[in-house]
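Peer 1: Handing you a structure now.
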Amino acid sequence: MKSKIIFANLMAILTILIWGTTFISTKILLTELSPEEILAYRFFIAFLILIVICPKNFKFLPLKEEMLFVLLGASGISLYYWTENLALKYTYASNVGLISSSIPIFTALISHFIFNNEKFTVNMLFGFIIAFIGISIVIYNGKVLRLNPRGDFMAIISAILFSIYSVLIKKVDNKYDQLLIVKKTFFYGVITMLPILFITKVNITKVPNLRTDIILNLLFLSIFASVLCFLMWNKAVKVIGAVKTTNYIYFVPIITMISSSIVLGEKISGLMILGGMLIFCGVYVSQGKWGNNILNFKINKADNISGS
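Counting from 1, position 34 in the sequence shown corresponds to residue 34 in our numbering; the numbering is continuous, with no gaps.
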């Protein structure tokens with residue numbers, strides 16, 4: 001069981017390592033494609049890859065189960081990525097990155113208060129505060145925070161949507177094969193994406209300029225950042241839970257910072273290193289029990305004093 005938990009944590013870490021570098025691919029693709037086109041091509045290709053990998057593993061389930069997959073496809077794929085793209089359109093990327101770091105706390109709250117799946121603990125709150133401060137330092141690095149209510153609101157909606165996905169996925173993880181889960185999620189992600197493409201008047205039949213870098217980055221997002229990552233993420237949620245898995249999202253700014261330095265030549269400052277250290281501390285606190293132990297110690301001490 002211990003080895004299974006370690007493996008699940010490693011899958012969550014690998015997923016975040018990949019997701020933390022996807023901004024580079026997206027940045028390259030934006031030279032030729034719109035955000036909606038990237039979303040459509042990415043998941044159309046991903047769904048086709050899943051059909052090729054496992055052509056027979058697709059069955060229709062009872063209506064209640066199918067509706068659950070519709071929610072997974074909308075919350076984890078179409079609506080999540082659409083609202084995130086809208087947020088990036090109307091506000092600063094740094095604001096979206098900062099707000100996205102609230103996914104673990106939203107996941108903990110939704111899981112505890114709505115679905116009663118996992119307890120919301122004091123150490124989760126402490127860990128979130130520490131990590132949030134670290135993320136703020138990494139993202140802003142001495143710059144002034146600039147608000148844009150419209151875009152920032154869309155970023156909050158985006159974070160809540162992925163939190164809902166991370167909680168809901170556990171409801172099907174113990175029932176079905178992982179390939180079937182991801183395939184059905186992507187299928188309904190594509191279906192619920194169609195009205196969005198219609199509203200935004202995106203013509204996905206228009207063939208873009210298929211440069212080598214465009215093809216390679218689309219394949220990276222489709223194969224690794226979509227198919228592989230969703231399989232690993234779902235498996236991690238199944239073993240260690242939605243709350244602990246989403247805590248790894250705190251590491252995304254650190255990965256982005258390192259990959260920016262390597263690929264784009266951006267400098268890493270002392271403030272960014274300090275922020276990274278705080279993020280590590282925040283995740284450690286979120287995963288631990290010391291906050292609860294401190295409170296329990298104080299409560300027990302107070303009870304002993306009152307009882308003496």
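Just so you know, even glycine gets a beta-carbon here, dropped at the ideal spot from N, CA and C.
Please read all numbers here as calculations on a predicted model, not as lab measurements.
Determine the DSSP secondary structure at Arg42, reduced to helix, strand or coil.
Peer 2: Here Arg42 sits in helix by DSSP.
Peer 1: Quick check on the DSSP output: the alpha helix (DSSP H) that includes Phe162 runs from which residue to which?
Peer 2: Segment Pro149 to Leu168, the alpha helix (DSSP H) holding Phe162.
Peer 1: Write down every uninterrupted run of the alpha helix (DSSP H) in the region 7-65 whose length is 4 residues or greater and which is fully enclosed by it, in chain order.
Peer 2: Fully enclosed alpha helix (DSSP H) runs of 4 or longer: 22-29 and 35-53.
Peer 1: Count the other C-beta atoms from every protein chain shown that fall within 10 angstroms of the C-beta of Ser111, then say buried if there are 16 or more, exposed otherwise.
Peer 2: So Ser111 ends up on the buried side.
Peer 1: Thinking Val96 and Glu84 are a contact (beta carbons under 8 Å), I'd like their distance in whole angstroms, please.
Peer 2: At roughly 7 Å, the Cβ-Cβ gap stays under 8 Å, so Val96 and Glu84 are in contact.
Peer 1: Using only alpha-carbon positions, find the residue among Leu109, Pro35, Val122 and Lys59 that is nearest to Tyr90.
Peer 2: Taking only the C-alpha atoms, the option nearest Tyr90 is Pro35.
Peer 1: Taking the alpha carbon of Leu14 as the point to measure from, which residue in Ile103, Lys235 and Leu125 has its own alpha carbon closest?
Peer 2: Closest by alpha carbon: Lys235.
Peer 1: Measure the C-alpha to C-alpha separation of Val285 and Ile279 and round it to an integer number of angstroms.
Peer 2: Rounded to whole angstroms, Val285 to Ile279 spans 10 Å at the Cα level.
Peer 1: Rounded to whole angstroms, what's the CA-CA distance from Leu197 to Asn203? Just pull it up for me.
Peer 2: Cα-Cα distance, rounded: 8 Å.
Peer 1: Tell me whether the region 155-168 and the region 43-61 touch, counting them as touching only if at least three CB pairs, one residue from each stretch, are closer than 8 Å.
Peer 2: The region 155-168 vs the region 43-61: no contact.
Peer 1: For Gly189 versus Ile77, is the C-beta spacing smaller than 7 Å?
Peer 2: Yes, these two residues count as a Cβ contact at 7 Å.
Peer 1: Please state whether the Cβ-Cβ distance between Ile254 and Leu17 is less than 7 Å.
Peer 2: No, the Cβ-Cβ distance between Ile254 and Leu17 is not below 7 Å.
Peer 1: Using a Cβ-Cβ cut-off of 7 Å (strictly less than) and excluding sequence neighbours within five positions of Ile5, which residues of its own chain qualify?
Peer 2: So the qualifying residues of the chain are Val239 and Ile240.
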